[in-house]
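**Q** Sending over a structure as structure tokens; questions will come in a sec.
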Amino acid sequence: MHRLFVGLRPPLAVRERLLAAMDGVVGARWQDDDQLHVTLRFIGEVERPVAEDIAVALGSVHAAPLTLSIDGVGRFERRGRSNSLWAGVRPAEPITRLHRKIDQALVRIGLPPEGRAYLPHITLARIGGGAGPVEGFLAEHAALTSAPFTLDHVLLFESTLGSDGPTYETIARYPLSGA
Numbered sequence: 001m002h003r004l005f006v007g008l009r010p011p012l013a014v015r016e017r018l019l020a021a022m023d024g025v026v027g028a029r030w031q032d033d034d035q036l037h038v039t040l041r042f043i044g045e046v047e048r049p050v051a052e053d054i055a056v057a058l059g060s061v062h063a064a065p066l067t068l069s070i071d072g073v074g075r076f077e078r079r080g081r082s083n084s085l086w087a088g089v090r091p092a093e094p095i096t097r098l099h100r101k102i103d104q105a106l107v108r109i110g111l112p113p114e115g116r117a118y119l120p121h122i123t124l125a126r127i128g129g130g131a132g133p134v135e136g137f138l139a140e141h142a143a144l145t146s147a148p149f150t151l152d153h154v155l156l157f158e159s160t161l162g163s164d165g166p167t168y169e170t171i172a173r174y175p176l177s178g179a
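Under full-length UniProt numbering, the first residue of the sequence shown carries the number 1, and numbering increases by one thereafter.
Okay, structure coming up:
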């Protein structure tokens, strides 16, 4: 089985800016440089033939390069408790359009459609039950931004879960060269 997702990898300067902001929440599991990405579509575990179909389907997605920037921070909650911290990515509409195109390509090969609302972001930390409060981090980094950066390709990643968290390997790269 292959655990796959489609994503975008910000340039080194942006990742360094994000890494520099990661502090101030006791017990948070901060992402490392290799884990920083924008998920366009989580796929999950699939057999090799399906993974091959996914790779072909992604090659049919056409979109222009994206010019994005980091814009603030936030958190996701489950049952009233913070479970992750993230950095926002703007503008949302072009990246959301690309997300929809990828989702449609994957639905055409038989995968179920994305079941949740899409919010472009880069996960910074996972927050477990023993972690300290996140409000100070959110207030301190509310104005976190980056210079605009252009991404000209989409990546298909394989995720391997381990005791130290997931590791990601790039399986394929797809150029963004036109609408």
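For every residue, glycine included, the Cβ atom is placed at its ideal position computed from N, Cα and C.
1) For L2, which of G27, I54, A20 and W30 has the nearest alpha-carbon?
2) Determine the extent of the alpha helix (DSSP H) in which V14 is found, giving its start and end residues.
3) Leaving out five residues before and five after A172 in sequence, what residues of the same chain have Cβ atoms less than 6 angstroms from its Cβ?
4) Grab the span of the alpha helix (DSSP H) containing L102 for me, first residue to last.
5) Mind checking which residues open and close the beta strand (DSSP E) that includes E77?
6) Comparing alpha-carbon positions, which option in V50, S60, E169 and P91 lies nearest residue 183?
7) Determine the closest residue to H121 out of F76, V154, E140 and R81, with distance taken between C-alpha atoms.
8) Which of the three DSSP states, helix, strand or coil, is assigned to I54?
9) Under the assumption that I70 contacts R116 (Cβ atoms under 8 angstroms), give the Cβ distance between them as a whole number of angstroms.
**A** Taking the structure as given:
1) As a working note, residue 2 is residue 2 in the sequence shown. One detail in the question is off: residue 2 reads as His in this sequence, not Leu. Taking only the C-alpha atoms, the option nearest H2 is I54.
2) Residue mapping note: residue 14 aligns to position 14 of the sequence shown, counting from 1. Per DSSP, V14 belongs to the alpha helix (DSSP H) from L12 to A21.
3) Indexing the sequence shown from 1 puts residue 172 at position 172. Around A172: A55 and L156.
4) Residue 102 sits at position 102 when you count from the first residue of the sequence shown. The question names Leu, but residue 102 in the sequence shown is Ile. Its alpha helix (DSSP H) spans residues A92 to R108.
5) Here residue 77 corresponds to residue number 77 of the sequence shown, with the count starting at 1. Residues L66 to R78.
6) With the chain covering 1 to 179 only, the question about residue 183 has no answer from this structure.
7) Translated into positions along the sequence shown, residue 121 becomes position 121. Residue F76 is the option with its Cα nearest to H121.
8) Indexing the sequence shown from 1 puts residue 54 at position 54. Helix, per DSSP.
9) Indexing the sequence shown from 1 puts residue 70 at position 70. Indexing the sequence shown from 1 puts residue 116 at position 116. 22 angstroms between Cβ atoms; not a contact.
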